[in-house]
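Chemist:
Residue numbers (this note's numbering): 4 to 296.
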């Protein structure tokens with residue numbers, strides 16, 4: 004089929020625009036990778052662009068060579084898996100409950116939604132977890148506040164309410180209980196949305212470091228992100244003051260920018276490797292419900 008002039012112009016503009024978007028995404032990533040593997044001299048002179056200059060993996064070697072790295076990686080993976088599982092179970096069951104009619108549903112829904120706009124605040128939360136619950140140096144302080152998410156509950160509830168009532172009614176007529184209807188009818192129908200929410204929850208937990216700063220002091224409980232933050236901060240303190248360089252002659256210091264960029268790569272690499280396998284669920288979850296049949 005022959006394309007008219009307007010279609011050709013649109014496709015050319017679309018191609019140029021998408022190419023620019025891709026470059027805006029790829030070029031910073033290439034710069035990060037290049038700085039992380041470039042030599043210290045090239046990084047010191049800010050001469051590294053999108054391609055590395057020299058080749059130095061000392062930053063990766065020092066980070067990966069620390070015993071705390073492996074421990075913090077295991078901690079982060081474990082916390083992420085536990086939080087995702089608990090969050091999906093709690094939020095899905097809460098969403099299913101809110102999709103049903105019961106006395107006081109509207110009032111309870113308002114109370115839940117209110118917490119999305121007015122939280123307890125950092126200081127009251129800190130006092131609650133640290134002083135009242137005494138969960139300092141405890142993993143519960145890290146994942147308990149992340150289990151319930153009102154926004155996720157509302158999203159899942161909206162998808163459950165979009166399921167034709169006749170489907171659930173047919174299951175009930177066949178003798179299915181509420182639990183069976185939930186696990187064999189409702190959850191399979193909204194699995195794409197649940198998978199997308201699980202991905203969002205996993206990303207949030209994977210990038211978590213601030214609660215560790217507040218509630219954890221033992222190195223054995225550090226997460227990967229907090230460990231990398233600590234090591235980058237230490238390198239900044241070593242590299243910047245001149246007296247440190249004079250006090251330790253012969254000790255070769257790595258530019259903190261090498262550590263910063265290497266840390267970004269190490270943090271992002273596991274997610275980048277996993278994402279292609281869950282991408283289809285992620286996309287389906289984002290667009291599900293956009294067209295209601």
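C-beta: ideal position from N, C-alpha, C; glycine also. The model shown is predicted, which means the values in this text are computed figures rather than measured ones.
What three-state label does DSSP hand residue 7 in the structure shown?
Modeler: Within the chain shown, residue 7 is the residue found at index 4, counting from 1. Looking at residue 7 - three-state DSSP - the assignment turns out to be coil, as it is neither helix nor strand.
Chemist: By DSSP, does residue 105 sit in helix, in strand, or in coil?
Modeler: Taking the first residue of the chain shown as position 1, residue 105 is located at position 102. Three-state result, residue 105: coil.
Chemist: Have a look at 17, 12, 216 and 119 and flag the residue whose alpha-carbon is nearest the alpha-carbon of residue 145.
Modeler: Locating residue 145 in the chain shown gives position 142, where the first residue counts as 1. Selected option, being the one with the closest Cα: 216.
Chemist: Nearest-angstrom Cα distance between residue 283 and residue 44?
Modeler: Counting from one through the chain shown, the residue named residue 283 turns up at place 280. Counting from one through the chain shown, the residue named residue 44 turns up at place 41. Roughly 43 Å between the two C-alpha positions.
Chemist: What do you get for residue 59, buried or exposed, if any count of 16 or more other CB atoms within 10 angstroms of its CB means buried?
Modeler: For the purposes of this step, residue 59 is taken as residue 56 along the chain shown, with counting starting at 1. Result: buried.
Chemist: Would you identify the three-state DSSP class for residue 123, choosing helix, strand or coil?
Modeler: Within the chain shown, the letter at position 120 stands for residue 123. Three-state result, residue 123: coil.
Chemist: Considering only their Cβ atoms, is the gap separating residue 102 from residue 164 smaller than 7 Å?
Modeler: Position 161 of the chain shown holds residue 164. Position 99 of the chain shown holds residue 102. In this structure, residue 102 lies closer than 7 Å to residue 164 by Cβ.
Chemist: In the DSSP assignment, find the unbroken alpha helix (DSSP H) run with residue 211 in it and report its ends.
Modeler: Here residue 211 corresponds to residue number 208 of the chain shown, with the count starting at 1. It is not in any alpha helix (DSSP H) - residue 211 carries neither H nor E in the DSSP assignment.
Chemist: Using 7 Å as the threshold, is the C-beta distance between residue 140 and residue 221 below it?
Modeler: Counted from its first residue, the chain shown places residue 140 at position 137. Counted from its first residue, the chain shown places residue 221 at position 218. Contact flag set, yes.
Chemist: How many Å lie between residue 248 and residue 47 at the Cα?
Modeler: If you number the chain shown from 1, residue 248 lands on position 245. If you number the chain shown from 1, residue 47 lands on position 44. Because the pLDDT at residue 248 is just 46, under 50, the model does not fix this residue reliably, and the value given afterwards should be weighed accordingly. In this model, residue 248 and residue 47 are separated by some 15 Å (Cα to Cα).
Chemist: Return the residue from the list 212, 272 and 162 that minimises the CA-CA distance to residue 194.
Modeler: Counting from one through the chain shown, the residue named residue 194 turns up at place 191. With distances taken between Cα atoms, residue 194 lies closest to 162.
Chemist: Quick check: the Cα distance between residue 269 and residue 74, rounded to an integer number of angstroms?
Modeler: Taking the chain shown and counting its residues from 1, one reaches residue 269 at position 266. Taking the chain shown and counting its residues from 1, one reaches residue 74 at position 71. About 14 Å.
Chemist: Is the CB of residue 130 under 7 Å away from at least one CB in chain D?
Modeler: Going by chain labels, chain D is absent from the structure shown, which holds only one protein chain.
Chemist: Throw me the rounded Cβ distance for the residue 79 and residue 227 pair, which I believe falls under 8 Å.
Modeler: By 1-based counting over the chain shown, the position of residue 79 is 76. By 1-based counting over the chain shown, the position of residue 227 is 224. About 4 Å separates the two Cβ atoms, so the contact holds.
Chemist: Excluding the 5 residues flanking residue 41 on each side, which residues of the same chain have their C-beta closer than 6 Å to its C-beta?
Modeler: Taking the chain shown and counting its residues from 1, one reaches residue 41 at position 38. The residues are 51, 55, 56 and 57.
Chemist: Report all residues from its chain with a CB closer than 8 Å to the CB of residue 93; omit the five preceding and five following residues, and keep chain order.
Modeler: Stepping through the chain shown from its first residue, residue 93 is reached at position 90. Excluding positions up to five away in sequence, the list reads 150 and 151.
Chemist: Who are the Cβ neighbours of residue 253 in its own chain at under 7 Å, not counting the five residues just before and after it?
Modeler: As a first step, residue 253 must be located in the chain shown, where it is residue number 250. Residue confidence is low: residue 253 scores 48 on pLDDT, short of 50, so the model does not pin down where it sits. No coordinate-derived value is stated.
Chemist: Hey, how far is the Cα of residue 90 from the Cα of residue 106?
Modeler: Mapped onto the chain shown, residue 90 falls at position 87. Mapped onto the chain shown, residue 106 falls at position 103. Taking the straight line joining both Cα atoms gives about 25 Å.
Chemist: Within the continuous alpha helix (DSSP H) that includes residue 177, where are the two ends?
Modeler: Taking the chain shown and counting its residues from 1, one reaches residue 177 at position 174. Careful: residue 177 lies outside any alpha helix (DSSP H) and carries neither H nor E.
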